[in-house]
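In the numbering used here, the protein residues as written are 19 to 292. Backbone N, C-alpha and C define an ideal beta-carbon position, used for all residues, glycine too. Here's the structure we're looking at; comments come further down.
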Amino acid sequence: MIGPELKFKDQVVIVTGSSSGIGRACALHFANNGAHVVVNYSSNAEAGQKVLNEILSNGGSGILVKADVSKEDEVKAMFSEAVNRFGKLDVLISNAGLQQDSSFLEMTLEQWQKVIDVNLTGQFLCCRAAAQQFVAQQEATKETSHSELAIGKIVLMSSVHDVIPWAGHVNYAASKGGIMMFMKSISQELAPYKIRVNSVSPGAIKTPINKEVWSDPTKYQGLLELIPYKRIGTPQDVAKAVAWLASDDSDYVNGETLYIDGGMTLYPEFADNG
Ligand code: BGC
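Okay, here's the thing in structure tokens:
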């Protein structure tokens, strides 16, 4: 239950795309650790409301905000609402993302654009809004605060496909590869302001995004062959790592990508080959 010793006591955390999957697990984890959480959804209001209800019934604090992260005005409105309600911002978990799969030969411009808009431009808009807010807060408190710790933390949701090429998903892989350089570049630029930026790259995590694979026994077996640790990940596996990167325990970690993948990036096909 909520107690004074909790890691994120009274911190304000926005988790984009938190009506389901990894975002939902992050929202619940931060709320259970004392944060005021902004639960964000783009289209499924009912699912978003359920997450918020779970937070509130656990004794946590939060609000529900609708915003499509690829729309500048909606992102601005979401950040304003968060700051108006809770007075500040401490953490952004820039998580919202989607897949629109197609062979490359048949991929439409619409499929390409949608994934880039949400997964990459959405990260740009949310990270920029968070960084602007952090800098404004730092200006306002610079006379009174003497803390050496980061004044704002950002964790971006990437994927193992920021390094593993993925045929049939080139829009998605390109967006995640883009996130890596975006994250490192803004981390370099924002570190002097005492803003820390890192990302996590999950492997196969049991969420709605890949249900088609884990719900089919044959495809599920094929998936396990790609994971040396021989289990599919849970959203909580990711939430715990995200929370560490957003906490003061990782204060000297900047511009890093943490792979949470049961070893998927270890070239498992080479274990008895090559
Ligand atoms: C994708 C999943 C996939 C996993 C491992 C994730 O980024 O969203 O659909 O199962 O990578 O390939």
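- If you check the CB distance, C144 and V93 come in under 7 Å.
- At least one heavy atom of ligand 1 falls within 6 Å of the beta-carbon of I227.
- Distance between F26 and I204, taken at the CA atoms: about 24 Å.
- Burial is judged here by how many other beta carbons sit within 10 angstroms of a residue's own beta carbon; M201 has at least 16 and is buried.
- No Cβ-Cβ contact shorter than 7 Å links L138 with S88.
- Rounded to whole angstroms, L116 and A261 show a C-alpha spacing of 22 Å.
- Counting every other CB atom within 10 Å of its CB across the protein chains shown gives M199 a total below 16, marking it as exposed.
- Ranking T252, A168, S37 by CA distance to the CA of A264 puts A168 first.
- Using a Cβ distance threshold of 7 Å, I134 and R103 do not count as a contacting pair.
- For M198, the enclosing alpha helix (DSSP H) begins and ends at 188-208.
- By DSSP's assignment, P226 forms no beta bridge with any residue.
- Secondary structure at V178: helix, using DSSP grouped into helix, strand and coil.
- A63 and S268 have their alpha carbons spaced roughly 34 Å apart.
- Scanning Q129, E243, V173, N76 for the CA closest to the CA of D119 turns up Q129.
- Straight across, the Cα-Cα distance linking S79 with K106 is about 14 Å.
- Each residue's CA atom was taken as its position, placing L284 and K160 some 44 Å apart.
- For L123, the closest C-alpha among the options F142, V188, T34, G280 is that of V188.
- In the DSSP annotation of this structure, the continuous segment of the beta strand (DSSP E) that includes G80 starts and ends at 79-84.
- The Cβ atoms of Q254 and A43 sit closer than 7 Å to each other.
- Residue pairing from DSSP places T275 in a beta bridge opposite S217.
- In the DSSP assignment, N50 falls outside any beta strand (DSSP E) and lies within the alpha helix (DSSP H) extending over 39-50.
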